[in-house]
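Novice: At position 55 of the sequence shown (counting the first as 1) the number is 57 in our numbering, and the numbers step up by one without a gap.
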Amino acid sequence: MINILGLFKGSITSLEVRKKLLFTAFVFAIFRIFAHIPVAGVDLVALKNLFAQNQFLGLLDIFSGGTLANFSIMALGLNPYINASIIMQLLTLVVPKLEELSKEGDMGRQKINQYIKFLTVPLAVVQSIGMYVLLRSQSIIGSLDVMSLTTFLLTMTAGTMLLVWLGGLVTERGVGNGISLLIFAGIVGRIPVVFSQTISTINAENFFNAVTFVALGIFIIASIVFINEAVRRITVFYARRVRGSRTGGQSTHLPLRLNQAGVIPIIFAVSLVLMPSMIANFLSTSDNPVVARMTGYILVWFNPGNAVYNVLYFLLVVGFTYFYTAVIFNPKKIAQDIQKYGGFIPGIRPGNATASYLNYILIRITLAGAIFLATVAVFPTVVNAFTSIQTLIIGGAGILIVVSVVLETIKSIEAQLVMRSYEGFKK
Numbered sequence: 003m004i005n006i007l008g009l010f011k012g013s014i015t016s017l018e019v020r021k022k023l024l025f026t027a028f029v030f031a032i033f034r035i036f037a038h039i040p041v042a043g044v045d046l047v048a049l050k051n052l053f054a055q056n057q058f059l060g061l062l063d064i065f066s067g068g069t070l071a072n073f074s075i076m077a078l079g080l081n082p083y084i085n086a087s088i089i090m091q092l093l094t095l096v097v098p099k100l101e102e103l104s105k106e107g108d109m110g111r112q113k114i115n116q117y118i119k120f121l122t123v124p125l126a127v128v129q130s131i132g133m134y135v136l137l138r139s140q141s142i143i144g145s146l147d148v149m150s151l152t153t154f155l156l157t158m159t160a161g162t163m164l165l166v167w168l169g170g171l172v173t174e175r176g177v178g179n180g181i182s183l184l185i186f187a188g189i190v191g192r193i194p195v196v197f198s199q200t201i202s203t204i205n206a207e208n209f210f211n212a213v214t215f216v217a218l219g220i221f222i223i224a225s226i227v228f229i230n231e232a233v234r235r236i237t238v239f240y241a242r243r244v245r246g247s248r249t250g251g252q253s254t255h256l257p258l259r260l261n262q263a264g265v266i267p268i269i270f271a272v273s274l275v276l277m278p279s280m281i282a283n284f285l286s287t288s289d290n291p292v293v294a295r296m297t298g299y300i301l302v303w304f305n306p307g308n309a310v311y312n313v314l315y316f317l318l319v320v321g322f323t324y325f326y327t328a329v330i331f332n333p334k335k336i337a338q339d340i341q342k343y344g345g346f347i348p349g350i351r352p353g354n355a356t357a358s359y360l361n362y363i364l365i366r367i368t369l370a371g372a373i374f375l376a377t378v379a380v381f382p383t384v385v386n387a388f389t390s391i392q393t394l395i396i397g398g399a400g401i402l403i404v405v406s407v408v409l410e411t412i413k414s415i416e417a418q419l420v421m422r423s424y425e426g427f428k429k
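1) Report the three-state DSSP secondary structure of residue 420 (helix, strand or coil).
2) Going by the DSSP bridge assignment, what does residue 236 pair with across the sheet?
3) Using three-state DSSP, classify residue 410 as helix, strand or coil.
4) Any chance the stretch 159-172 sits against the stretch 79-99, with 3 or more Cβ pairs inside 8 Å?
5) Considering only the alpha carbon of each residue, which of 42, 227, 411, 348 lies closest to residue 145?
6) Using three-state DSSP, classify residue 40 as helix, strand or coil.
7) Based on the DSSP secondary-structure assignment, which residues constitute the bridge partners of residue 346?
8) How many angstroms separate the CA atom of residue 276 from the CA atom of residue 311?
9) Mind checking residue 429: buried by the 16 CB within 10 Å criterion, or exposed?
10) Buried or exposed, going by whether 16 or more other CB atoms sit within 10 Å of the CB of residue 410?
11) Taking the straight line between their C-alpha atoms, what separation do you get for residue 289 and residue 152?
12) When you compare only the Cα positions, how much space is there between residue 37 and residue 73?
13) Would you list the residues sitting across from residue 143 in a DSSP beta bridge?
14) In the DSSP output, what is residue 74 paired with across the bridge?
15) Could you give the distance in angstroms between the alpha-carbon of residue 47 and the alpha-carbon of residue 401?
16) Would you mind sorting residue 340 into buried or exposed? The rule is 16 or more other CB atoms within 10 Å of its CB.
17) Over what stretch of residues does the alpha helix (DSSP H) that includes residue 433 continue unbroken?
18) Taking only the alpha-carbon atoms, compute the straight-line gap between residue 113 and residue 385 and give it to the nearest angstrom.
Okay, structure coming up:
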């Protein structure tokens, strides 16, 4: 169990950790300032009315931290970067050179991250064009000449790349994963607005439903913490281990987390499940009757309150959990490392048999973690059908991201404090 009071005290007293926390807070402040600098030529009143009437756009706005409804220079948020990451992860599985690069340690990962940033630029340009087409079709922004359109696209793309750069700075000089923390900051930045909207919908008729929803929300948060901390311990025995002048056996444990992938599957799934609605919005003004009819169906099916949307969302979260777990955890490599250092799992032969056993265990525990993540992701939508509190429909993925990022950041701070104590002890 994490000692929050001790962690807070240690963070304040440690000069290095304190500097990292202040730097992270400084980056958050920059992010929120830029989130309120609007792009010129946009009718913000009409834009906010459009977002209030469209659940899909409202969901996008939550993940952009309110930058989309304000249509700031960071309106695209980190969506292009997330999409580029998904594409690069898929290419790593099918392109041998990228697969080899991913196995080269830190240097290989840095090179892949560089490729992701290169790919983010064209994706941001394409999404900026789509955003312009959508806003123009809704008469929120007027027709732009070539120079104005180029400026618009450059501004939107630069805003995304600025966010990516800030995220990299937080990763290097702050605490935790910078990209995850910026997404966290965006969601948390919208909490006061969402809370006020939720309070305004509560009345005597649905008060009991609201209390029930809050109680379920607390239960879900506790469950997320429990699942994130849950591990399956596999005993590993080392037959020969030197201890001073003696040799002897020693047993240890290989911890396999129930949720190896963390919050990444949710982010990936949200990016993909919203894509059909985004494309349909762009094509909704088409003069072709077949295209117009199809876009109408898509907008209905992929509405956050529709069963098709939630089933697809559920399946994508499960699929991405398995996919990302396979990317970050290699049973064959772990088995080779265990064998290399003279270890074995009792009752299991070293080598391929150990890899098969680890893979068997991983598939089983990942299924439980994946189903839990997917259930929490669609949970607010399901409960919304019974509570009729519309503004809470965006809570599932947001709660998952916020709780997971908080836990990961706390662990990162705790690890840095432990390292500082160890280095001080050595001195």
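All residues carry an ideal CB built from backbone N, CA and C; glycine is no exception. Fair warning: this is a prediction, and the values are worked out from it, not measured in the lab.
Specialist: Let me spell this out:
1) helix
2) 256
3) helix
4) The answer is yes - the stretch 79-99 touches the stretch 159-172, with three or more Cβ pairs under 8 Å.
5) 42
6) strand
7) 239
8) Each residue's Cα considered, the two are about 9 Å apart.
9) A caution first: residue 429 carries a pLDDT of 44, below 50, which makes its placement in the model too unreliable to give a value.
10) buried
11) Straight-line Cα distance between these residues: approximately 26 Å.
12) 8 Å
13) 44
14) 40
15) 29 Å
16) buried
17) Outside the displayed range of the chain (3 to 429) lies residue 433, so it cannot be described from this structure.
18) 44 Å
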